[in-house]
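Numbering (the working numbering), first residue to last: 76 to 392.
Even glycine gets a Cβ: it sits at the ideal position worked out from N, Cα and C.
Source: prediction; values computed, not measured.
To start, the structure under review is shown below, and the notes come after it.
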Amino acid sequence: MAELPQGAAAVPEDVQSNVLLTTIDWIYNTGRTFSLWPMTFGLACCAIEFIVAGTARYDLSRFGMEVIRPSPRQCDLLLVSGTVTKKMVVPIVRLYNQMAEPRYVVSMGACATGGGPFKEGYNVVSGIDKFLPVDVYVPGCPPTPEALLNGFIALQQKIKKQSVRTVPWYRKDYTGEIPIPVLGPDIFGTAPDDMKRVREVGLNRTMAARAAGKLTIAELHYQGADEYVVIRNSGLAQDMTGWRLTSGQGDQSYAFPAGFVLMPDAELRVHSGPGAAAPAANDQVWTRQPVWHNEGDAATILDADGNVVSSFSYKGS
Ligand code: SF4
């Protein structure tokens, strides 16, 4: 007979077949593992896969998860399925706070985990784990119902390893309350002050983009009967009314047509010389005379106020 731990009492032989000895943790964990109740909650396309996982084909009852409840007060599993926008993250955190402990969070799909295909979107949160403690991540776009079940099993395995002595929710000082996100410059409400702040942020960004982007003379082709200057726009759409292109010592100049707008990432060519032609939509014909003669002469763009926007030196043939 195996030696008993110190202080343990032996179970009499005649009742051994009627007694089950186990740990409190096993009972505690088994109860929670097989009665996880997810919340009826979805954000985007991933939610459809969650719905499919709830059909008879996948039989969530096997995991004790078929009771999908419509109230956070009755749930202990928050499945974040879909794109989390900055507007929606506020109610998501509120719902989480309304769930009783112990509670678990599964991040389903690329969007909930890191923003997914919309990561660079102005309105998208790049991961729900920036706000909530996530227990299991399910990869995919969208994850299949099988992948979701695998995530549930991973969560069950995690729950089975917890101990009632160390879980945080029985500590005296533990609240588990997550602060509701404060609406920042990008997360805006409809209050007048919020809208004013959003407009200010938008205006500042537009001005910064306008300052960063500009028109440049990228190339100067001076050989052959058709000479041309290539001008590129790396900034916002630019109205070139009143703008000029000068050559040589600035003694010759070409005025861009009134109302001519060069769009972002577009380019324009200004042709000169006896073979000057304008084959593309943005192309302009300056003159039938050659204008690039002397090495060191510069092609220069001047804006309507006469400020130099860009300059390019002629290197000679
Ligand atoms: S991860 Fe893919 S399927 Fe899921 S919500 Fe995002 S875009 Fe839709």
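G226 counts as buried, since no fewer than 16 other beta carbons sit within 10 angstroms of its beta carbon. Distance between L153 and Y197, taken at the CA atoms: about 25 Å. Considering only V242, P113 and V168, the residue with the shortest C-alpha distance to D100 is V242. CA-CA distance, G334 to D378, rounds to 14 Å. Cβ-Cβ distances below 6 Å link G190 to V199 and S201 in the same chain, with the five nearest sequence neighbours on each side left out; the list follows chain order.
In chain order, the residues with a C-beta atom nearer than 6 Å to some heavy atom of ligand 1 are A119, C120, C121, G157, T158, G184, A185, C186, G191, P192, C216 and P217. Judged by beta-carbon spacing, T291 lies within the 8 Å limit of S385, meaning their Cβ atoms are closer than that value. Its Cα nearest to that of G381, the residue S328 stands out among K233, S328, A341 and A352.
With a cut-off of 8 Å on Cβ pairs, the stretch 112–129 is not in contact with the stretch 234–250, counting fewer than three such pairs.
Our two residues, R169 and G251, have alpha carbons roughly 12 Å apart in a direct line. DSSP, reduced to helix, strand and coil, places P113 within a strand of the structure shown.
Taking the Cα positions, V360 is about 44 Å away from P192. Annotation: the continuous beta strand (DSSP E) that includes N308 extends over E302 to N308. In the DSSP assignment, T188 falls within the alpha helix (DSSP H) that extends over G184 to G189. Contact between R178 and D151 holds: their C-beta atoms lie close to 5 Å from each other, under 8 Å. Here the stretch 130–140 does not lie against the stretch 156–172, with fewer than 3 beta-carbon pairs under 8 Å apart. Take V165, set aside five residues on each side of it, and the residues of its chain with a beta-carbon closer than 7 Å to its own are I255 and P256, in chain order.
Between S136 and V155, the beta carbon gap of about 23 Å keeps them out of contact (Cβ cut-off 8 Å). For A374, DSSP records a beta bridge to F387.
By the 16-neighbour rule on beta-carbons within 10 angstroms, T98 is exposed.
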